[in-house]
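Undergrad: Numbering (the UniProt record's numbering), first residue to last: 1 to 143. Just so you know, even glycine gets a beta-carbon here, dropped at the ideal spot from N, CA and C. Predicted model only: the values in this text are computed from it and were never measured.
As structure tokens, then:
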């Protein structure tokens, strides 16, 4: 439970239902600070791309902004124009470099970003999964 001010009712919302907040000790923040190594694919002033340590496809690259954003909607609403453009340009650069870009004759890819409990977000730092190298199957199960 979070701390309350005198006269204020305590927040009884279960932890799993509370909005995610940015945690500076998350693994991606630690990577950005150089505390944890990663297999860097590409980077620019606004974003970092690296290989997933548990790949779910032949190509599985994560792209993260350098700023403190929890989710895609947080990033889209609060990042500067330069951050948004830099992030998206890095996604395109990685898609080309990994042979996934349709514009360069690749067979395509799936881009996934998870947000919050229902999106099964595991790390409270916005990240985009770029997966390819094989057909990805259904987007979500029907159940």
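How long is the line joining the alpha carbons of residue 54 and residue 95, rounded to whole angstroms?
TA: Your numbering for residue 54 matches position 54 in the chain shown. Your numbering for residue 95 matches position 95 in the chain shown. Going from the Cα of residue 54 to the Cα of residue 95 covers about 19 Å.
Undergrad: From residue 39 to residue 51, what does the alpha carbon distance come to, in whole angstroms?
TA: For the purposes of this step, residue 39 is taken as residue 39 along the chain shown, with counting starting at 1. For the purposes of this step, residue 51 is taken as residue 51 along the chain shown, with counting starting at 1. Computed Cα separation, rounded: 6 Å.
Undergrad: Report yes if the CB atom of residue 28 is closer than 8 Å to the CB atom of residue 64, and no otherwise.
TA: By one-based count along the chain shown, residue 28 stands at place 28. By one-based count along the chain shown, residue 64 stands at place 64. Taking 8 Å as the Cβ cut-off, residue 28 and residue 64 qualify as a contacting pair.
Undergrad: Per DSSP, which one or two residues make a beta bridge with residue 120?
TA: Against the chain shown, residue 120 aligns to sequence position 120. DSSP output for residue 120 lists no bridge partner at all.
Undergrad: Using only alpha-carbon positions, find the residue among 122, 135 and 45 that is nearest to residue 20.
TA: For the purposes of this step, residue 20 is taken as the residue at position 20 of the chain shown. Looking at the Cα atoms, 122 is the closest of the given residues.
Undergrad: Under 8 Å between the Cβ atoms of residue 46 and residue 82?
TA: Mapped onto the chain shown, residue 46 falls at position 46. Mapped onto the chain shown, residue 82 falls at position 82. A contact, by the Cβ cut-off of 8 Å.
Undergrad: Just the Cα atoms here: how many angstroms apart are residue 131 and residue 79?
TA: Locating residue 131 in the chain shown gives position 131, where the first residue counts as 1. Locating residue 79 in the chain shown gives position 79, where the first residue counts as 1. So the alpha carbons of these two residues sit roughly 24 Å apart.
Undergrad: Could you tell me the distance, in whole angstroms, from the CA atom of residue 137 to the CA atom of residue 89?
TA: Locating residue 137 in the chain shown gives position 137, counting from the first residue. Locating residue 89 in the chain shown gives position 89, counting from the first residue. In a straight line, the C-alpha of residue 137 is about 26 Å away from that of residue 89.
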